[in-house]
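Peer 1: First the structure, then my questions, so here it is.
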Amino acid sequence: MLILPVETKGHRKDAIIVVLDHNNLSRMAEADPVEIDMRKTGKTLVNPIVLICHEEPTPEFMQIINGGDLNKIIAHLQRGWKFRPEKGDHDRGPESLKDSN
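Using the numbering used here, you'd call the opening residue of the sequence shown number 4 and step up by one each time.
Written out as structure tokens, the structure is:
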């Protein structure tokens with residue numbers, strides 16, 4: 004599991020990004036929940052958007068993560084985001100976190 008806290012100027016678009024891989028999903032399928040201790044993120048987040056993603060630790064993804072460019076990381080994680088109100092998506096449509104810091 005990868006946790007990316009995003010603290011923005013004036014806390015306008017703070018976010019916590021949770022990236023789960025197949026091991027995390029397997030554990031959750033056995034009623035072993037994901038737990039995030041916000042006190043350990045190293046950031047002060049105010050009303051953060053929570054973005055929960057699934058991504059395997061491929062070499063491509065790890066290169067993006069290790070590059071440290073938050074906008075590239077967010078763009079990669081949101082690359083397949085579609086607004087699907089018929090499946091219960093909220094009324095505001097997809098909210099981009101890109102360029103929010």
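Note that the Cβ used here is the ideal one computed from N, Cα and C, for glycine as well.
Just so we're clear, the structure is a prediction, and the values are computed from it rather than from any experiment.
Could you check what DSSP says for Ile-20 in three-state terms: helix, strand or coil?
Peer 2: Here Ile-20 sits in strand by DSSP.
Peer 1: Determine, for Pro-51, whether the minimum Cβ-Cβ distance to residues of chain C falls below 8 Å.
Peer 2: Of the protein chains in the structure, only one exists, and it is not chain C.
Peer 1: With a CB to CB cut of under 8 Å and the five nearest residues on each side skipped, what residues in its chain are close to Met-4?
Peer 2: Val-21, Val-22, Leu-23, Asp-24, Asn-27 and Val-37
Peer 1: Excluding the 5 residues flanking Ile-68 on each side, which residues of the same chain have their C-beta closer than 8 Å to its C-beta?
Peer 2: Leu-5 and Ile-76
Peer 1: Classify Pro-60 as helix, strand or coil using the three-state DSSP reduction.
Peer 2: coil
Peer 1: Which partner residues of Val-37 appear in the DSSP bridge assignment?
Peer 2: Partner(s): none; Val-37 has no beta bridge.
Peer 1: Give me, in chain order, the residues of the same chain whose beta-carbon lies closer than 8 Å to that of Thr-44; leave out the 5 immediate sequence neighbours on both sides.
Peer 2: Ile-6, Pro-8 and Ile-19
Peer 1: At which residues does the beta strand (DSSP E) containing Leu-5 begin and terminate?
Peer 2: 5 to 9
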